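In our numbering, the protein residues as written are 233 to 851.
The C-beta atom is built at its ideal place from N, Cα and C for all residues, glycine as well.
Quantities reported herein were computed from a predicted structural model and do not represent experimental measurements.
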Amino acid sequence: MQTFFEGACDAVVIGAGHAGAEAALALARTGLETVVLTLNLDSIGFMPCNPSVGGTAKGHLVREIDALGGEMGLCADRCALQYRMLNEGKGAAVQSLRAQVDKNRYHTEMKRVFEHTPGLRIVQGEAAEILTEKGKVTGVRTSYGGIFSCRAVVVATGVYLGARTITGTHVRDAGPNGFERATLLTQNLADLGLRIRRFKTGTPARLDGRTVDFAALPVQPGEEVFPFSFMNEKLPESQIPCHLAYTNQKTHEIILENLDRAPLYNGQISSAGPRYCPSIETKVVRFSDKQRHQLFLEPEGADTTEVYVQGLSTSLPHDLQKEVYRSVKGLEKCEIMRYAYAIEYDCIDSLDLLPTLEYKRVEGLYLAGQINGTSGYEEAAAQGLMAGLNASLKLRGLPPLVLRRDQAYIGVLIDDLVTKGTEEPYRMMTSRAEFRLSLRQDNADERLTEIGYRAGLATRERYERFLARKRKKEDTMSALGARAEQKTADALVQKYGYSPLTSSVTFCDLLRRGIPLREICENFHILEDVPRDVLLACETEVKYAGYLKRSEEEIEKAKRMEEKPLPPDIDYGKITGLRLEAREKLGRIRPLNFGQAARISGVSPADIAVLMIYLSLKK
């Protein structure tokens, strides 16, 4: 094929899904000339699966992306149809914001942002080869022969590499939603030394909402919470409801009687799928004692009748899908507009990456999103932002940005990927974050906005809004330290089962007795102009002060381990005191410090002690 020179730029981003979008914007917004290559302009910011943003732990990621200066939270707020706070009955650490969004509008909004970002060039085309010279990125060649010269590349190909969709025996070489797949880059990545693996995910059917009996289904309305972005304060004027549905014994019987036709059970699919978002076949087989499984019917947009059935992902043949869906109460006459499918795709072993998401063996080559073995829009966007920002920092001659596990869920996500790796599509969960009480969604700006501002991504406007919010929080904490009017306070504490007061109390005292801050504000007519997320932050810090202090002590211990670097040229194979497994794992991952080394699966506390003694003797 004849090649031609397309132009020079600082960086090329391959892919324009959620990872590619954040990577491209991070590079361009920090002043670097950036080209984003996408197979189809209609797939920019496309949501191939659920029409929602956020959820358990994922909502934390979105607020962190926003605090750093990313786009996902802003775009989600502009396209939101409904907001809900998950786990509201539990502690503040695990409460997570989730929004139903208009998926078509989300795509068009993200494309609009691309088109109005200075320094960002959009090109429809397939990347065929990442060009390198002496272990450094020099450019990208497209399938049509165009050459872009550059100093950094971010690969964010999602599930498009070698993709094939499976519905029963109907198998297509295609990407999600019928989009074209990418076929050329996998071999190039393998030639560069990256280890390729095969993962699987899936998506439910989309129903015609006109054929669903919504009157027979419980309604799940939106809630008055707060937006994703710290730059926004208002929610939509009206929120579109979702509905609940449930599988039943008939549903389960149809599936169990036809497992020989299920690709997951007849050998058609052998790649690793997501443990925490299984297909309905897997749920019915694995949880055979459950009488029913909950489903959520979610609108795909304000201008379509398509309805997404969360919880009913499947790769069953088309005829069986119709039987399964119609066995559910409220869906007896439903018509399927888009059938469900499983999708297999190529991805890499994330242990090949540095904590900056740069490939260890090629300078300037970064990878982000589902190609690293993760699942979910939010996980992808978080990686895209960090890969793009680190590429930008490197090209600008500045130190890299690696968020610690005690700083952000993003830090936990990336540390898990590059230190522990994953044998299945990785999903972020609150249980993965050992410092989750300090990593709440309400304080993401306090943890990260200054970092994003110093890195050149968060704008001056965002930084000033953060400072104003910080002052508002300090004023609120000061107000909560004031004395409460005795008579009203006495009535409140007795309402909650306490003995009558014998002395005056502060509003903080009332909070510590378990009285909700919202009720305190209503009864005493205080803090009426304070945003809800600021109130949540203050309430949490008062109620959990002792736990937070203990968490800070644990964080300081962890930081001391992170601050003990390991020499980059250390030969672990020659340290005789290390067990063979530890030598192999340490030599392969090459941790940057003792903290990262201690988190590697197969490296014991005894191995860390040996390392410490070895280095002290060497000194």
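Every alpha helix (DSSP H) of 4 residues or more that sits fully in the stretch 717 to 756 is shown, in chain order, as 718 to 727, 739 to 744 and 749 to 756.
The C-beta separation of A384 from K554 comes to about 48 Å, leaving the pair out of contact by the 8 Å criterion. At the C-beta level, D638 and F667 come within 8 Å of one another. Excluding residues up to 5 positions away in sequence, A260 lie with their Cβ nearer than 8 Å to the Cβ of P350 in the same chain.
Apart from the 5 residues on each side of it in sequence, Y376 sits with its Cβ closer than 7 Å to the Cβ of G357 in its chain, given in chain order. In this structure, the CA atom of R507 is about 7 Å from the CA atom of E656.
Where V644 is concerned, the enclosing alpha helix (DSSP H) starts and stops at Y641 to D647. Taken atom to atom, the span from the alpha-carbon of K343 to that of F278 is near 10 Å.
Runs of the beta strand (DSSP E) lying entirely within the stretch 249 to 281 and spanning at least 3 residues, in chain order: 266 to 270. In the structure shown, T483 adopts helical secondary structure according to DSSP, grouped into three states. Here A331 carries a strand assignment [DSSP, helix/strand/coil]. Rounded to whole angstroms, the separation of the alpha carbons of A841 and L424 is 35 Å. The beta carbon of M793 lies closer than 8 Å to those of N825, F826, G827 and A830 in the same chain, with the five residues before and after it left out.
For the pair R815 and I807, the Cα-to-Cα distance works out to about 8 Å. Per DSSP, the continuous beta strand (DSSP E) segment holding L352 begins and ends at L352 to Q356. The stretch 472 to 485 makes contact with the stretch 555 to 563, as at least three CB pairs between them are under 8 Å. Taking 4 residues as the minimum length, the stretch 419 to 471 contains no alpha helix (DSSP H) run wholly inside it. In this structure, the alpha-carbon of A619 lies about 14 Å from that of G390. DSSP places E576 within a strand segment (E or B) once states are collapsed to three.
The beta-carbon separation of I832 and K817, rounded to 5 Å, stays under the 8 Å limit for a contact. According to the DSSP secondary-structure assignment, F380 is paired through a beta bridge with G239 and V372.
V444 is classed as buried because its beta carbon has at least 16 other beta carbons within 10 Å across all chains shown. Within the same chain, and ignoring the five residues on either side of F236 in sequence, the residues whose Cβ sits closer than 8 Å to its Cβ are G377, G378 and I379. Excluding sequence positions up to five before and after Q602, its CB lies within less than 7 Å of the CB of G390, V391, C579 and A612, all in the same chain and listed in chain order.
Annotation: L529 to I362 spans about 42 Å, alpha carbon to alpha carbon. Between I758 and A711, the C-beta gap is smaller than 8 Å, which places the two residues in contact. Look at T681 here: in three-state DSSP terms it is helix. A437 is positioned such that its CB atom lies no closer than 8 Å to that of G252. Put simply, the backbone Cα of C311 is about 12 Å away from that of S470. Close CB contacts of K704 within its chain, under the 7 Å cut and outside five residues either way in sequence, are with V762 and V766 (chain order). Exclusion of the five residues before and after L527 leaves L476, A477, Y478, T479, V541, Q542, G543, L544 and V560 as the residues of its chain whose Cβ lies within less than 8 Å of its Cβ. Restricting attention to E489, E303, L293 and G616, the CA atom closest to the CA of V244 is found in G616. About 19 Å separates the beta carbons of C474 and Q327, which is beyond the 8 Å limit, so they are not a contact pair. Your pair V594 and T364 checks out as a contact, with CB atoms roughly 6 Å apart and the cut at 8 Å. In terms of Cα proximity to G729, the closest of F460, R745, V737 and C740 is R745.
Only buried fits L329, as 16 or more other CB atoms lie within 10 angstroms of its CB.
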